[in-house]
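Colleague: Next up is a structure, given as C-alpha cells.
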Amino acid sequence: ALAGDPLRRESGRTAEVYLLLETQGRRWATDRFVRRYGAEEDIPLDPVLLLRTGPALEALGSDRGRWRFEAVLSDWSRLGRGWWLVRAVTQGALGGETGGWHATDLITGWTAHQWGGVTKIFAEAAVAAEPGGTDVLALGLTRGLRTSEYSGMVGDRLARWTAEHSVLLPQELLGFYRVGVAGFYAGGSAWWHGGARDLGDARHEAGIGLRFGPTRSARAEVSRLDVAWPLDGSSGPKITAATGGYF
Numbered sequence: 027a028l029a030g031d032p033l034r035r036e037s038g039r040t041a042e043v044y045l046l047l048e049t050q051g052r053r054w055a056t057d058r059f060v061r062r063y064g065a066e067e068d069i070p071l072d073p074v075l076l077l078r079t080g081p082a083l084e085a086l087g088s089d090r091g092r093w094r095f096e097a098v099l100s101d102w103s104r105l106g107r108g109w110w111l112v113r114a115v116t117q118g119a120l121g122g123e124t125g126g127w128h129a130t131d132l133i134t135g136w137t138a139h140q141w142g143g144v145t146k147i148f149a150e151a152a153v154a155a156e157p158g159g160t161d162v163l164a165l166g167l168t169r170g171l172r173t174s175e176y177s178g179m180v181g182d183r184l185a186r187w188t189a190e191h192s193v194l195l196p197q198e199l200l201g202f203y204r205v206g207v208a209g210f211y212a213g214g215s216a217w218w219h220g221g222a223r224d225l226g227d228a229r230h231e232a233g234i235g236l237r238f239g240p241t242r243s244a245r246a247e248v249s250r251l252d253v254a255w256p257l258d259g260s261s262g263p264k265i266t267a268a269t270g271g272y273f
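Numbering (my numbering), first residue to last: 27 to 273.
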C-alpha cells in the first residue's frame with residue numbers, strides 16, 4: 027500500500043493446516059516478577075526458535091488460498107541486576123487477493139529488580155511490505171500509546187518505546203492477586219514509507235497505573251489499568267485497561 031491508499035481488507039473465513047517446529051533449551055533460571063506476578067518463573071537461558079508454515083486452503087473452507095509463514099527467535103540473558111530480552115518475528119503470506127505481504131518486528135528490553143520495585147525499559151521497531159488492512163502496523167490504545175485511539179497511527183513502519191517503574195504492594199488482594207503501582211513514560215510513531223509523517227512526528231505520554239497479576243497461575247499475564255496524559259497537551263487524561271504483551 028502507498029501513502030494515502032485505502033487499506034485493503036482481507037475479510038472472510040480462514041482455515042489452515044501448518045507445520046510447527048520449536049526448539050527447547052536445557053538451561054533455565056528462576057526469578058519472580060519478570061513477566062508475571064505468580065509463582066517463580068522459569069527463564070530460558072538458551073535461545074528459543076519457532077517456525078510455523080502452511081497453507082490456508084479453499085478446500086478446508088478458506089475463502090481464498092494462500093501460504094502463511096512465521097518465524098520467531100527469542101533470547102533471554104542476564105544483564106546487571108536484571109534480564110535482557112531480544113525477540114525477532116518475521117511473518118507473512120503468499121498469494122490471496124493482495125498477492126502477499128510480510129513484516130519483521132524486533133522487540134528488545136530490560137527488566138530488573140531495583141529501587142524497591144521492578145524497572146522495565148523496552149523498545150520495538152517493525153517494518154512491513156504490502157500489508158493488508160488487518161496486517162497494517164498500528165500504534166494506539168492497546169499497543170504503545172494509551173492516549174491515542176485504538177488505531178490512532180497506522181503505516182508500514184513503526185517504532186515505540188517505554189520506561190516504567192512499579193512498586194509491588196506487600197499484601198495480596200483477595201488472597202490470590204498481587205498489585206503494583208506504576209509510573210511510566212511512552213512514545214512512538216507509525217507511518218507510511220514515502221508519506222508525510224515519519225519518526226520525527228512521534229507522540230509522547232506519561233502516566234500512572236495499577237498492575238494486577240494472579241499468584242496462583244504460572245501462565246496468566248499481568249493486567250494494566252492506567253491513566254495517561256499526552257505530553258503535548260492535546261487532550262486530557264485517558265483511562266485504559268490492557269492485558270498481556272511485554273509493554
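A virtual CB, placed ideally from N, CA and C, is assigned to each residue, including glycine.
Keeping to the same chain, check which residues put their C-beta closer than 6 Å to that of Leu46; ignore five residues upstream and five downstream.
Modeller: Once the five neighbours on either side are set aside, the close Cβ partners of Leu46 are Arg78.
Colleague: Rounded to the nearest angstrom, what separates Ala208 and Leu257 at their Cα positions?
Modeller: Rounded to whole angstroms, Ala208 to Leu257 spans 18 Å at the Cα level.
Colleague: Hey, quick one: how far does the beta strand (DSSP E) through Glu96 stretch, first residue to last?
Modeller: Per DSSP, Glu96 belongs to the beta strand (DSSP E) from 92-105.
Colleague: Once the 5 residues before and after Ala228 are set aside, which same chain residues still bring their CB inside 7 Å of it?
Modeller: These residues qualify, in order along the chain: Gly213, Gly214, Ser215.
Colleague: Who are the near neighbours of Pro263 in its chain, counting only those whose CB is closer than 6 Å to its CB and skipping five residues on each side?
Modeller: If we look at Pro263 and ignore the five residues flanking it on each side, its Cβ neighbours are Val253, Trp255.
Colleague: When we look at the beta-carbon of Trp218 and count the other beta-carbons within 10 Å, is it buried (16 or more) or exposed?
Modeller: Buried: at least 16 other Cβ atoms inside 10 Å.
Colleague: Assuming Gln117 is part of the beta strand (DSSP E), what are its boundary residues?
Modeller: That run of the beta strand (DSSP E) goes 108-121.
Colleague: Quick one, are the C-beta atoms of Val112 and Val98 less than 7 Å apart?
Modeller: Cβ distance not < 7 Å, so Val112 and Val98 don't count as in contact.
Colleague: Measuring alpha carbon to alpha carbon, tell me which residue in Pro240, Thr49, Ile234 is nearest Leu198.
Modeller: The sequence shown places Glu at residue 198, not Leu. The shortest C-alpha separation from Glu198 is found at Pro240.
Colleague: Which same chain residues, not among the five before or five after Gly267, have their C-beta less than 6 Å away from its C-beta?
Modeller: The sequence given here places Ala at residue 267; Gly does not occur at that position. Taken in chain order, the residues that qualify are Leu251.
Colleague: Is it right to say Thr188 is buried, meaning 16 or more other beta carbons lie within 10 angstroms of its own, or is it exposed?
Modeller: So Thr188 ends up on the buried side.
Colleague: Which residues in the same chain have their Cβ closer than 6 Å to the Cβ of Trp110, if we skip the five residues on either side of it in sequence?
Modeller: Contacts found: Ser103, Trp136.
Colleague: Terminal residues of the continuous beta strand (DSSP E) containing Val205?
Modeller: 203-217 is the extent of the beta strand (DSSP E) around Val205.
Colleague: Would you kindly work out how many angstroms separate the C-alpha atoms of Pro73 and Ala55, rounded to a whole number?
Modeller: One C-alpha to the other measures close to 13 Å.
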